[in-house]
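> These protein sequences, in sequence, are chains A and B. Going letter by letter, the first sequence gives residues 8 to 145 in the numbering used here. Going letter by letter, the second sequence gives residues 97 to 485 in the numbering used here. For each residue, glycine too, the CB sits at the ideal point set by N, CA and C. Computed from a predicted structure; not experimentally measured. Quick one: the structure is below, and I'll ask about it shortly.
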Amino acid sequence: MTITGRIKPPMGHDNGWWWQRAAEGVLAIQRCAKCGTLRHPPRPMCSECRTLEWDHVAASGRGTVASYTVLYHPRFPGYEYPLIIVLVDLDEGVRITAELKDCAPEDVRFGMTVTAFIHEDPDGFRLPMFRPAATGGQ
Amino acid sequence: MPISMKNQAAVAGIGATAITRNSGVSELALACEAISKCLDDAGVAPGDVDGLVTYTLETNDEVEVARAVGLGELTMFAKINYGGGAAVGLVQQAAMAITSGAATNVVIWRAMNGRSGQRMGQGVSGNIISSDLIHWSWYMAYGMVTPASWVSMIANKYMNLYGVTAEHLAEVAIAQRNFALNNPNALNYGKPLTLEEYMNSKRITESLRIHDCCLETDCGVALLVTSTERARDLRHKPAVIRGVTQASTRGQEQMTSFYRDELDCLPEMEFAARRVYAMSGLGPDDIDAACLYDAFTPEVIMQLESFGFCKRGEAKDFVAAGNLRLGGRLPNNTHGGLLSESYAHGLNNVAEGVRLIRGTSCNQPDKVEHVLVSSGVGVPTGAVIFGKD
Ligand SMILES: [Zn+2]
């Protein structure tokens, strides 16, 4: 496999809409149209009530770091290293995997508060990322 | 009365190719060699094989292998998903076939040019839109492309919660390297590993150094599974399957089960433990040695808790006390494992489990009645307990 830049997600029925909302500047969370349960990553059916209909809400972008890792090697073109990846428990109650920017690897903490923003690559591709909350961690 | 697989089937043959970084031959050639050696080891003619099981990641189709090796008429063939998570699944599939009468002599195998060909450590990518690719894309887009990146997300949480240090991980790596020093077939034979070397080795992720990660190798491994009764008439003492299961739990993803409430344990492995202990009527105290899946060192430590050898958070002390070494409570991966022997998606660990029951390991402990072998960690997985006849 040769990676020449950020690996772009395939845009299928079940996930393309989420990336489209990200391109429009929104961190979206899928919501069951029947029981209202939020879910991420998106899937076609609600596992609580087996409903195929869904809509989505815009996340507040606030959350806390449930876990994280820092990637050093191997280094692929299109990404900045050391690359910090966080699992964020969003205030809405779902968890999301994304990159943490504007933070040194030694400053990441479990439970620190973060806020989402939309990152744009030089080629115009946009995706949600996080940075430490302005008010600091807990 | 439900049918039980307990004691119905046994492993009666082991075959393996040389372990190298560049085999110079096709993956089909590796499969043929491993299977041929396995049949000779068992003393079973190719024409008597009627079942085949391998991994979905295997590039050699059953019929290609059957034609090349001269196998007989086949009545059961299956492929199991989830990379190393399939390892014990192959054993279960074979045991199911034998217990039910779907097949009588089943070859399970894995053959891969894992270093000179498609490398797992190079990560995933692709273009065909499938639910599998969409799954990976949530991580690929952010640069989480390699197994080490996915595993370290859970390992880092666990290590932080319970105070697991690099020295604890090093003990897992060094204990297994020491075993490999007595295994002439191991890729790391003749290459001792010191704590200093470990600590100074290349940083891969927040919690993993290069010596915490398994090898990438070219090799083939095959096992023959048959009924315990037939196995008694073959060349070696049977390694009887006391209990075997696959295991996947709610919220499971492939390598990235990040969305469950608890991130500091392996629910699918705990499920596998409950199942194999219940089926075999055994418990952790009955297990004399293990081959716990060891693609990454923290996974070994976490599994000690999943299988009840330690309480939550206490596995690091169990490891630090030298319990994974020869003479310890639970000699683990006595061939060197995926870390120091070879990476055959765990089927080489299953083979070592059989050798431990035969009494033919390069690092044979004094008394071995029961051996536990597990499949891949962080994926849908499984576990098997082998026992003496
Ligand atoms: Zn619902």
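Please look up how many angstroms separate the CB atoms of Phe137/A and Val121/A, rounded, as I've assumed it's under 8 Å.
As a first step, residue 137/A must be located in the first sequence, where it is residue number 130. As a first step, residue 121/A must be located in the first sequence, where it is residue number 114. Phe137/A to Val121/A, Cβ: 4 Å. Contact.
> Report the neighbours of Val77/A on chain B: residues whose CB is nearer than 8 Å to its CB, in chain order.
As a first step, residue 77/A must be located in the first sequence, where it is residue number 70. Going along chain B in sequence order, the residues near Val77/A (Cβ under 8 Å) are Thr301 and Glu302.
> Give the residues of chain A in contact with Leu229/B, contact being defined as C-beta atoms less than 9 Å apart.
In the second sequence, residue 229/B corresponds to position 133, counting from 1. Simply Pro16, Pro17 and Gly19.
> Are Ser54/A and Leu359/B touching if we call contact CB-CB under 8 Å?
On the first sequence, position 47 is the one that residue 54/A refers to. On the second sequence, position 263 is the one that residue 359/B refers to. It is not a contact, given that the beta carbons lie outside the stated cut-off.
> Give a yes or no on whether 8 Å exceeds the smallest Cβ distance from Thr104/A to chain B.
Within the first sequence, the letter at position 97 stands for residue 104/A. Judged by the 8 Å Cβ criterion, Thr104/A is in contact with chain B.
> What residues of chain B sit near Phe83/A, judged by a beta carbon separation below 7 Å?
Translated into positions along the first sequence, residue 83/A becomes position 76. Going along chain B in sequence order, the residues near Phe83/A (Cβ under 7 Å) are Gly239 and Val241.
> Counting only beta-carbon atoms, is Ile125/A nearer than 8 Å to chain B?
Translated into positions along the first sequence, residue 125/A becomes position 118. With 8 Å as the cut-off, Ile125/A does not count as an interface residue toward chain B.
> Between the Cα of Cys361/B and those of His264/B, Glu401/B and Leu170/B, spot the shortest distance and give me the residue it belongs to.
Position 265 of the second sequence, counted from the first residue, corresponds to residue 361/B. The residue with the shortest Cα to Cα distance from Cys361/B is Glu401/B.
> What does the alpha-carbon distance come out to for the pair Thr104/A and His47/A?
Numbered from its first residue, the first sequence carries residue 104/A at position 97. Numbered from its first residue, the first sequence carries residue 47/A at position 40. Cα to Cα, the separation comes out at about 10 Å.
> Is the separation between the beta-carbon of Val321/B and that of Val446/B shorter than 8 Å?
For the purposes of this step, residue 321/B is identified with residue 225 of the second sequence, where counting begins at 1. For the purposes of this step, residue 446/B is identified with residue 350 of the second sequence, where counting begins at 1. No, the Cβ-Cβ distance between Val321/B and Val446/B is not below 8 Å.
> Quick one: using the 10 Å Cβ neighbour count with 16 as the cut-off for buried, is Met487/B buried or exposed?
Shown here, chain B extends from 97 to 485; a query on residue 487/B therefore has no answer.
> Going by DSSP, what residues sit across from Tyr151/B in a beta bridge?
Start at 1 with the first residue of the second sequence, and residue 151/B comes out as number 55. Answer is Ile176/B.
> Please output, in chain order, the residues near ligand 1 using a CB cut-off of less than 6 Å to any non-hydrogen atom of the ligand.
Qualifying residues come out as Cys39/A, Lys41/A, Cys42/A, Thr44/A, Cys53/A, Glu55/A, Cys56/A and Thr58/A.
> How would you call Ile306/B, buried or exposed, if buried means at least 16 neighbouring beta carbons within 10 angstroms?
Position 210 of the second sequence, counted from the start, is the residue given in the question as residue 306/B. Exposed, since its Cβ has fewer than 16 Cβ neighbours within 10 Å.
> Under 8 Å, do Val450/B and Ala335/B count as touching if we go by C-beta distance?
Stepping through the second sequence from its first residue, residue 450/B is reached at position 354. Stepping through the second sequence from its first residue, residue 335/B is reached at position 239. In contact: Val450/B and Ala335/B (Cβ atoms closer than 8 Å).
> Less than 8 Å between the C-beta atoms of Gly217/B and His441/B, yes or no?
Reading the second sequence from its first residue, position 121 is the one you call residue 217/B. Reading the second sequence from its first residue, position 345 is the one you call residue 441/B. Their beta carbons are not under 8 Å apart, which means Gly217/B does not touch His441/B by this criterion.
> Counting C-beta neighbours from all protein chains within 10 Å, is the total for Ile99/B 16 or more, i.e. buried, or is it exposed?
Here residue 99/B is taken as the residue at index 3 of the second sequence, counted from 1. That one is exposed.
> Terminal residues of the continuous beta strand (DSSP E) containing Tyr235/B?
The count along the second sequence starts at 1 and reaches residue 235/B at position 139. It is not in any beta strand (DSSP E) - Tyr235/B instead sits in the alpha helix (DSSP H) that spans Ser227 to Met236.
> Confirm, please, whether the CB-CB distance from Cys309/B to Ile300/B is below 8 Å.
Along the second sequence, one-based indexing puts residue 300/B at 204. Along the second sequence, one-based indexing puts residue 309/B at 213. Contact flag set, yes.
> For Ser226/B, count the other beta carbons within 10 Å of its own beta carbon; 16 or more makes it buried, fewer makes it exposed. Which is it?
Your numbering for residue 226/B matches position 130 in the second sequence. It is exposed - the Cβ of Ser226/B has fewer than 16 other Cβ atoms within 10 Å.
> What residue range is occupied by the uninterrupted beta strand (DSSP E) comprising Val241/B?
Numbered from its first residue, the second sequence carries residue 241/B at position 145. Val241/B -> no beta strand (DSSP E), and no H or E assigned at all.
> Residues of the stretch 45 to 75 of chain A in Cβ contact with chain B at a cutoff of 7 Å, in chain order, please.
Listed in sequence order: Pro48, Ala73, Ser74 and Tyr75.
> Could you list the residues in the stretch 254 to 269 of chain B with a C-beta less than 7 Å from some C-beta on chain A, going in chain order?
So the close ones are Asn256.
> In its own chain, which residues sit with a C-beta less than 7 Å from the C-beta of Glu364/B, not counting the 5 before and 5 after it?
Position 268 of the second sequence, counting from 1, holds the residue named residue 364/B. Closer than 7 Å at Cβ, skipping near neighbours: Ala343, Ser344, Thr345, Gln348, Pro476 and Thr477.
> Measuring alpha carbon to alpha carbon, tell me which residue in Arg102/A, Phe124/A and Phe117/A is nearest Lys108/A.
For the purposes of this step, residue 108/A is taken as the residue at position 101 of the first sequence. It is Phe124/A.
> Quick one: is Cys42/A buried, meaning 16 or more other Cβ sit within 10 Å of its Cβ, or exposed?
By 1-based counting over the first sequence, the position of residue 42/A is 35. Looking at its Cβ environment, which holds fewer than 16 other Cβ atoms inside 10 Å, Cys42/A is exposed.
> My guess is that Ile14/A and Met249/B are in contact by the Cβ rule of under 8 Å, so how many angstroms apart are they, rounded?
As a first step, residue 14/A is located in the first sequence; it is residue number 7 there, counting from the start. As a first step, residue 249/B is located in the second sequence; it is residue number 153 there, counting from the start. So it is not a contact: roughly 18 Å between Cβ atoms.
> Quick check on Ser248/B - is its C-beta less than 8 Å from some C-beta in chain A?
Position 152 of the second sequence, counted from the first residue, corresponds to residue 248/B. Chain A contact via Cβ: present.
> Would you identify the three-state DSSP class for Phe367/B, choosing helix, strand or coil?
As a first step, residue 367/B must be located in the second sequence, where it is residue number 271. Residue state, collapsed to three classes: helix.
> Does DSSP put Asn252/B in a helix, in a strand, or in coil?
As a first step, residue 252/B must be located in the second sequence, where it is residue number 156. Helix at Asn252/B.
> Are the C-beta of Phe392/B and some C-beta of chain A separated by less than 8 Å?
By 1-based counting over the second sequence, the position of residue 392/B is 296. Chain A contact via Cβ: absent.
> Check whether the stretch 322 to 332 of chain B touches the stretch 189 to 204 of chain B, counting contact only when three or more Cβ pairs, one atom from each stretch, lie closer than 8 Å.
Yes: the two stretches touch, three or more of their Cβ pairs being nearer than 8 Å.
> Against chain A, does Lys412/B count as a neighbour if the rule is that its beta carbon must be under 8 Å from one of theirs?
For the purposes of this step, residue 412/B is taken as the residue at position 316 of the second sequence. Cβ-Cβ to chain A under 8 Å: no for Lys412/B.
> First and last residue of the beta strand (DSSP E) that includes Gly474/B?
One-based indexing of the second sequence puts residue 474/B at position 378. Careful: Gly474/B lies outside any beta strand (DSSP E) and carries neither H nor E.
> Am I right that Trp25/A and Ala35/A are in contact with their C-beta atoms under 8 Å? What's the rounded C-beta distance?
Reading the first sequence from its first residue, position 18 is the one you call residue 25/A. Reading the first sequence from its first residue, position 28 is the one you call residue 35/A. Correct: roughly 5 Å between the Cβ atoms.
> Val95/A bridges to which residues according to DSSP?
Working through the first sequence from its first residue, we reach residue 95/A at position 88. In the DSSP output, where bridge partners are listed per residue, Val95/A has Val72/A and Ile103/A.
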